[in-house]
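Student: If you count by this note's numbering, then the sequence shown holds residues 1469 to 1851, one letter each, in order. C-beta atoms are modelled at their ideal positions from N, C-alpha and C, and glycine is treated no differently. Only a predicted model underlies this, so the values are computations on that prediction, with no experimental measurement involved.
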Amino acid sequence: MVGQGRTRSLVAVGLVVGLLCPISAQGASRKVIRLRLAGRLAAIARKLTHVRHELRQTKQQQRSAWQDLRTIQDRIDALHGDASRIQARLAKTSAELAATRRRLRAAQIRLDRNTAILSARLRAAQRNPDPGFVSVLLGAGDMRDLISRKRVVQKIVEADVSLLQEIERDRAEVERQQAILEDRQRRQSELLHELHDRELQAKLAEQRQKDVIDRIEQDRQQLEAMLEQQERDSEQVRAMLQELSESPEGRARAAHPWSGLYFLPVRGRLTSRFGYRVHPILHVAKLHTGVDIACPSGTPIHASAGGVVVHAGWLGGYGKAVIIDHGGGVSTLYGHCSELLVSTGQSVTQGQVIARVGSTGFSTGPHLHFEKRLNGVPVNPIP
């Protein structure tokens, strides 16, 4: 997270950059202009050295924050999905629990009814002692009467046995349904606890998501300030080139412009083209004043064309940079270098190694920021 100290650093940098008012070239030699520019740019370099490290850290944290946000959102979606599934299982369990209660009540009613019937028979037997089935059979008048009495006795015995068996079945069913009921109640309690846990986790994740969003917003404000700084740096380059072009040396170079082709300074992967683009975080259209070419740190940077070096040193968000005047109002800029191999005022030839690729200034990784300008205004270096 970028703190208040970092914000103060950016403000301080802005104030220093603001000191770069145009330098009058009237009556001054190119050497004097060069020395004055070098002194003022050195002051910027001292203030911005630590800012480039903080910018790299800020962008890394910002990417990490967005990754955290996606992870948290996935977690929240998963938790809500779990909660929905648990609620569905809970609804099913509740329905099964209600059905179990109904079956338990029905079994209990049957048990109570049959137990009452059996109790009534036992009470009747106590009031009217039975002489016994043998006496009933012996009291038969003839064989037909005996057979009839035997059937009656069998039915009475079968009814009592059936009643007792039914009571036992009802009692077993009551016990079984009671066990099922207790199991369903336990499952329901577990599901409710699990649902509560998922809801709590979702709330915690949502709070963490809010914290990440707040952090991203703070980073966005920092990035916005840095983009504004880059725009000021670009304007500074334009003003510097305009001032140099008005010097006697500048007018002399303008009269003898480079007539050959312009080559790309390095071989690498083109990661960002010239032109307006929507910033992925700020969602605003900003002019990218050159092209970015990714290549390993230390890769030699070649002069795109012959000319005179009008700046070799620290240049705000460009970090260590070289600017070459090719005459005719055309200049090229090579930014974020790790090492500069030429000096201001030096003449260079096309293809000459002037610097090495790095990641100084406002940069998140080794690459070359290459610009081409016409009368100080950025134009597409790869038309």
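Pairs of beta-carbons, one from the region 1774-1791 and one from the region 1804-1824, closer than 8 Å: are there three or more?
Tutor: Touching, yes, given that three or more Cβ pairs across the two stretches are closer than 8 Å.
Student: Tell me K1754's beta-bridge partners as DSSP assigns them.
Tutor: Bridge partners of K1754: R1745.
Student: Give every residue of the same chain whose Cβ lies closer than 6 Å to the Cβ of G1736, excluding the five residues on either side of it in the sequence, and list them in chain order.
Tutor: Counting only Cβ-Cβ distances below 6 Å, and skipping sequence neighbours, we find I1761, A1762 and C1763.
Student: Sort L1755, G1743, P1768 and S1715 by Cα distance to L1732 and report the nearest one.
Tutor: When each option's Cα is compared against that of L1732, the closest is P1768.
Student: Could you check the C-alpha separation between A1681 and Q1710 for me, to the nearest Å?
Tutor: According to the sequence provided, residue 1681 is Ile. The question's Ala does not apply to it. Roughly 43 Å between the two C-alpha positions.
Student: Among the residues of its own chain, which have a CB less than 7 Å from the CB of P1490, if the five just before and after it don't count?
Tutor: For P1490, the pLDDT reaches just 42, beneath the cut-off of 50, and the residue's location in the model is therefore unreliable, although a value from the coordinates is still provided. Within the same chain, P1490 has close Cβ partners A1707 and E1711.
Student: If you draw a straight line from the C-alpha of P1834 to the C-alpha of L1672, how long is it?
Tutor: Their backbone Cα atoms lie some 39 Å apart in a straight line.
Student: Cα separation between I1577 and L1649?
Tutor: Distance between the alpha carbons of I1577 and L1649 is about 17 Å.
Student: For Q1771, is the classification buried or exposed, using 16 other Cβ atoms within 10 angstroms of its Cβ as the cut-off for buried?
Tutor: In the sequence under discussion, the amino acid at residue 1771 is Ala, which differs from the Gln named in the question. When all chains shown are included, A1771 counts as buried.
Student: With DSSP as the reference, please indicate the residues paired to I1681 in a beta bridge.
Tutor: For I1681, which the question treats as bridged, DSSP gives no partner whatsoever.
Student: Tell me whether the region 1812-1826 and the region 1772-1785 touch, counting them as touching only if at least three CB pairs, one residue from each stretch, are closer than 8 Å.
Tutor: With a cut-off of 8 Å, the region 1772-1785 and the region 1812-1826 count as touching, because enough Cβ pairs lie within range.
Student: In the structure shown, what three-state DSSP assignment does R1735 receive?
Tutor: Three-state result, R1735: coil.
Student: How long is the line joining the alpha carbons of E1696 and L1659, rounded to whole angstroms?
Tutor: Computed Cα separation, rounded: 55 Å.
Student: What residue does the beta strand (DSSP E) around E1807 start on, and which one ends it?
Tutor: Counting along the chain, the beta strand (DSSP E) containing E1807 begins and ends at V1798 to L1808.
Student: DSSP beta-bridge partners for L1836?
Tutor: DSSP, once it has assigned bridges, lists I1761 as partnering L1836.
Student: In three-state DSSP terms, what is I1850?
Tutor: Looking at I1850 - three-state DSSP - the assignment turns out to be coil, as it is neither helix nor strand.
Student: With DSSP collapsed to three states, give me the class of L1565.
Tutor: L1565 falls in the helix class under three-state DSSP.
Student: Apart from the five residues on each side of it in sequence, which residues of its chain come closer than 8 Å, Cβ to Cβ, to D1610?
Tutor: Note that D1610 scores a pLDDT of 49, beneath 50, so its modelled location is shaky; the value from the coordinates is reported in the next line. Nothing meets the Cβ criterion.
Student: So, with DSSP's three-state summary, where would you put G1795?
Tutor: Strand, per DSSP.
Student: Would the beta-carbon of P1460 fall within 7 Å of that of T1757?
Tutor: Any answer about residue 1460 is impossible in this case: the structure gives the chain only from 1469 up to 1851.
Student: Measure the alpha-carbon distance for N1843 versus R1700 and round it to whole angstroms.
Tutor: Whole-angstrom Cα-Cα distance: 17 Å.
Student: How would you write the range of the beta strand (DSSP E) that A1823 sits in, first residue to last?
Tutor: Segment V1821 to V1825, the beta strand (DSSP E) holding A1823.
Student: Would you report the Cα separation of D1550 and A1559, rounded to the nearest angstrom?
Tutor: Looking at the two C-alpha atoms, the distance is approximately 14 Å.
Student: Spatial neighbours of A1496 within its chain, please: C-beta separation below 7 Å, excluding the five flanking residues on both sides.
Tutor: In this predicted model, A1496 has a pLDDT of only 47, less than 50, meaning its place in the structure is not dependable enough to derive any value.
Student: If you check the beta carbons only, do Y1802 and A1823 fall under 7 Å apart?
Tutor: Yes, these two residues count as a Cβ contact at 7 Å.
Student: Between the Cα of H1804 and the Cα atoms of T1812, T1832 and P1851, which residue gives the shortest distance?
Tutor: The candidate whose alpha carbon is nearest that of H1804 is T1832.
Student: In the DSSP assignment, what are the bridge partners of I1769?
Tutor: In the DSSP output, where bridge partners are listed per residue, I1769 has A1823.
Student: Considering Cα atoms alone, identify which of L1565, R1538, S1532 and H1664 is closest to R1553.
Tutor: Nearest C-alpha to R1553: H1664.
Student: Should P1851 be labelled buried (16 or more other beta-carbon atoms within 10 Å of its own) or exposed?
Tutor: P1851 is exposed by the Cβ-count criterion.
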